[in-house]
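Taking the numbering used here, I'd label the letters of the sequence shown as residues 90 to 286. C-beta atoms are modelled at their ideal positions from N, C-alpha and C, and glycine is treated no differently.
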Amino acid sequence: MGDVSKGRLIIISGPSGAGKSTVVRRLLETCEIPLQLSVSATTRKARTGEVDGVDYYFLDQSEFDRRRERGEFLECKEVFGLGYWYGTLRQQVATGLAEGRWVILEIDVAGAIDILDEEQLDPITIFIHTGGVESLEDRLRGRQTESEEVIAARLRTAKNEMKSMHRYQYQVINDSVDRAVAEICQYLEEYRETRAC
Ligand code: 5GP
Numbered sequence: 090m091g092d093v094s095k096g097r098l099i100i101i102s103g104p105s106g107a108g109k110s111t112v113v114r115r116l117l118e119t120c121e122i123p124l125q126l127s128v129s130a131t132t133r134k135a136r137t138g139e140v141d142g143v144d145y146y147f148l149d150q151s152e153f154d155r156r157r158e159r160g161e162f163l164e165c166k167e168v169f170g171l172g173y174w175y176g177t178l179r180q181q182v183a184t185g186l187a188e189g190r191w192v193i194l195e196i197d198v199a200g201a202i203d204i205l206d207e208e209q210l211d212p213i214t215i216f217i218h219t220g221g222v223e224s225l226e227d228r229l230r231g232r233q234t235e236s237e238e239v240i241a242a243r244l245r246t247a248k249n250e251m252k253s254m255h256r257y258q259y260q261v262i263n264d265s266v267d268r269a270v271a272e273i274c275q276y277l278e279e280y281r282e283t284r285a286c
C-alpha cells in the first residue's frame, strides 16, 4: 500500500442511528489532529442532499464488482443484508496516510474486523454507541429517511454490532455530541503525545 507509515488509521464503528456521522463531521471541524475522512463507495442510492464524491462514491453494482475484482477495496461488505454494498477504497487510505494524515474510516464492524485480522495497519479503533438499542430506534425513525424494512434491518445489525464492541480499543457513549467529540479528540491528542516521546 506504499509508504503509509507517516499517518495513522482510525476506525470508527457503531450502530446505525448512534450519531457517528455527526460526531465525525464535528471532529473534522474542531480537532487539532490532521484528520481526513475516507470517502467510501456504496451501491445504495443517494439520499436527498447527499453528494457523489463527498458523502460516498455512488456506484452501480457492476462498477462496484469491477473495482472489487481489481482489488481496489481495502475491505467491502454488504452491510445490512439488503443487497447494498459498501467498501473502503485503498487509494483514499493510502494517499491520506502517505501525506501524514489521520485517516478516519467510518465502517461497519464486519469490515473493521477484516482490517484488524488481515491488514498490518495498526489502527486506532473507536466504537460509538448510545448505551442501548431503544434510543437507536427513536433516532432512526426521527430521521424519516428509511422504510420499516430498512429500520428493522438496521436494528438487527445494531444488536449484533453491540456484541463486538469489545474488539475496539475505545468505546464512547454519544449522549451529547459535544461531549463525545471532546472525549474522542482528547483521546487522539493524548495518543499523539504518547507516541511522540
Ligand atoms: P448509511 O447507509 O447510513 O450511510 O451507512 C450505513 C452503514 O454502512 C454505516 O453504519 C457505516 O458504518 C457502514 N459503512 C459505510 N461505509 C462503509 C465501508 O466502506 N465499509 C463498510 N464495511 N461499512 C461501511
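Rounding to the nearest angstrom, what Cα-Cα distance links residue 205 and residue 148 in this structure? For residue 205 and residue 148, the distance between alpha carbons rounds to 26 Å.
Segment limits, beta strand (DSSP E) that includes residue 166: In the DSSP assignment, residue 166 falls within the beta strand (DSSP E) that extends over 162 to 167.
Considering only C-alpha positions, which residue in the set 255, 250, 200 and 187 is nearest to residue 105? A check of alpha carbon separations from residue 105 across 255, 250, 200 and 187 identifies 250 as the nearest.
What is the DSSP secondary structure of residue 260, reduced to helix, strand or coil? Strand.
Sorry if obvious, but does the Cβ on residue 140 come closer than 7 Å to a heavy atom of ligand 1? The answer is no for residue 140.
With 16 other CB atoms within 10 Å as the buried threshold, where does residue 135 fall? Taking a 10 Å sphere around the C-beta of residue 135, we find fewer than 16 other C-beta atoms and assign the residue as exposed.
Give me the Cα-Cα distance between residue 123 and residue 184, rounded to the nearest whole angstrom. Rounded to whole angstroms, the gap between the alpha carbons of residue 123 and residue 184 is 14 Å.
List, from N- to C-terminal side, the beta strand (DSSP E) runs of 3 residues or more that fit wholly inside the segment 118 to 181. The segment 118 to 181 contains these whole beta strand (DSSP E) runs: 124 to 126, 162 to 167 and 174 to 178.
Determine the closest residue to residue 176 out of 260, 248 and 127, with distance taken between C-alpha atoms. Nearest C-alpha to residue 176: 127.
Flag residue 199 as yes when its Cβ comes closer than 7 Å to any non-hydrogen atom of ligand 1, and as no otherwise. For ligand 1, at least one heavy atom lies less than 7 Å from the Cβ of residue 199.
If I follow the unbroken alpha helix (DSSP H) through residue 246, where does it start and stop? 237 to 251 is the span of the alpha helix (DSSP H), which, as asked, contains residue 246.
For ligand 1, is there a heavy atom less than 7 Å away from the beta-carbon of residue 274? Outside the cutoff, so no.
Anticipated Cβ contact below 8 Å, residue 98 with residue 198, distance rounded: For residue 98 against residue 198, the beta-carbon gap comes to about 16 Å, at or over 8 Å, which does not count as contact.
Alpha carbon to alpha carbon, what distance is there between residue 171 and residue 153? Annotation: residue 153 to residue 171 spans about 16 Å, alpha carbon to alpha carbon.
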